[in-house]
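Structure first, then comments.
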């Protein structure tokens, strides 16, 4: 019996490594963005994979694959750690999807151009802006941008409604866009595109 | 009319997340509204910028080791996890029955089921062709459909191609990334079909000299209006199996070209569609190529 169980678990470990470990870099990248430093990011990664393995026999999100599943665990681990540290994220004033357009930045399409941008500084500015976002916004923004997930998948990962994803994404993009325009404006840059 | 009512759809439109009706409505609006078109651009641009800034990182060996060790601990915990009495009893009952059922299935049922099962592992891609041949094939194939080929001035990365075409066409265009399927991007040519601009994105199989062309365009109106039909059109050349298949996902429309039998192109289209949606079960092989004929 012991041998049989051991053999079964050996297979589970091998299978887990085949299914989950290819997403190691994805999880690490998101953890780095969520965490406050490299140490916290590595703790998040370790805890995520440990929990994922423990729950592997109940592997959910088969419809979407392993990556959203791991990201959802990461999301949960992050909030659990934050709660334990009594550093709860502040509640968000999520925008009502039907009305959030009322708050649109009227300067959203102001043209900017990329003549003399210091790109290293620019990238640093983006990271600063994104890091300053509340975690709920940051998570949705980066799941959208980096992982290319659908709104539905993001909603699954974050455990929120589709409309909430849309409003958070809208707000996050608005905040980042505004900060970047301010950056360009302060440096008197005439930038048409940011890429 | 002001465009306030459309603005809330900008992000969802850029992401290909709108329903068909809303998408068409927004499309009509954005054709006449440079401000909203610019906002669509901005969303796509911001995505590209974030992808560049937060490029993937290679995990350190020490972190990998650390996680591997924690998995080892978890594995040990798992092995020694106490099982409840009922689960042990159930296991004793179920395992022999399941084994017997599996044996019957393998010997009696599977061979007949297998005959009718789609074979994702049996798709043949164009083999032994060089890039110029495949491009010439595109010209011959799509030129008859009203398309025109232009200079190959597109960037050689799928995000770049998507961004350029999205910006130019004011449509969401998504070039599929087939790296996970064992292909690398080797070229991209502009092309038009039925008056809709797009690009051929040409991939080469890493392990052999095989090429695959995906024609990527924004949402074609005829695809949107016949959204129930995944494969919306097939062009077959006069003298052979040369064909173009088209279908659409939520985000874009694709055409696959190749001198393959239609049935194989259909299989290929299926696989790319699944790969694009990233909905495949990671435990299942996504794309296994058969050796070239």
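Protein chains in written order, with the working numbering: chain A, 1 to 195; chain B, 1001 to 1293. By construction, the Cβ of each residue, glycine as well, lies at the ideal position given by its N, Cα and C atoms. Bear in mind the structure is a predicted one, so any value in this text is a computation, not a measurement.
In whole angstroms, what is the alpha-carbon distance linking residue 21 of chain A and residue 128 of chain A? 29 Å
Per-residue contacts from residue 1070 of chain B into chain A (C-beta, under 8 Å): 46, 49, 50
Just grab the DSSP bridge partners of residue 145 of chain A for me. Beta-bridge pairing links residue 145 of chain A to no other residue.
Secondary structure at residue 1199 of chain B, three-state DSSP: helix, strand or coil? strand
Apart from the five residues just before and just after residue 19 of chain A, which ones in its own chain have a Cβ nearer than 7 Å to its Cβ? 66
Using a 10 Å radius around the Cβ and a threshold of 16 neighbouring Cβ atoms, would you call residue 57 of chain A buried or exposed? exposed
Kindly indicate if chain A contains any beta-carbon less than 7 Å away from that of residue 1063 of chain B. yes
Does chain A have any CB closer than 7 Å to the CB of residue 1059 of chain B? yes
Please check if any C-beta of chain B sits within less than 7 Å of the C-beta of residue 182 of chain A. no
Under 7 Å between C-beta atoms, does residue 185 of chain A make it to chain B? no
Measure the CB-CB distance between residue 1014 of chain B and residue 1040 of chain B and report whether it falls below 7 Å. yes
CA-to-CA distance, residue 1062 of chain B to residue 29 of chain A, given in whole angstroms: 16 Å
Is the separation between the beta-carbon of residue 1064 of chain B and that of residue 46 of chain A shorter than 7 Å? no
Counting only Cβ-Cβ distances shorter than 7 Å, please list the residues of the segment 1033–1050 of chain B near chain A, keeping chain order. 1035, 1038, 1039, 1042, 1043, 1045, 1046, 1047, 1048, 1049, 1050
At a Cβ threshold of 7 Å, is residue 1018 of chain B touching chain A? no
Buried or exposed: which applies to residue 1189 of chain B, given that a residue is buried once 16 or more other Cβ atoms fall within 10 Å of its Cβ? buried
Identity of the residues DSSP links to residue 1190 of chain B by a beta bridge: B:1199
Within the 7 Å Cβ cut-off, does residue 1054 of chain B reach chain A? yes
Please check the pair residue 1043 of chain B and residue 1010 of chain B, which I expect to be a contact at CB under 8 Å, by giving their CB distance rounded to whole angstroms. 6 Å
Residues near residue 1161 of chain B by beta carbon distance below 7 Å, same chain, minus five either side: 1154, 1155, 1175, 1188, 1199, 1201
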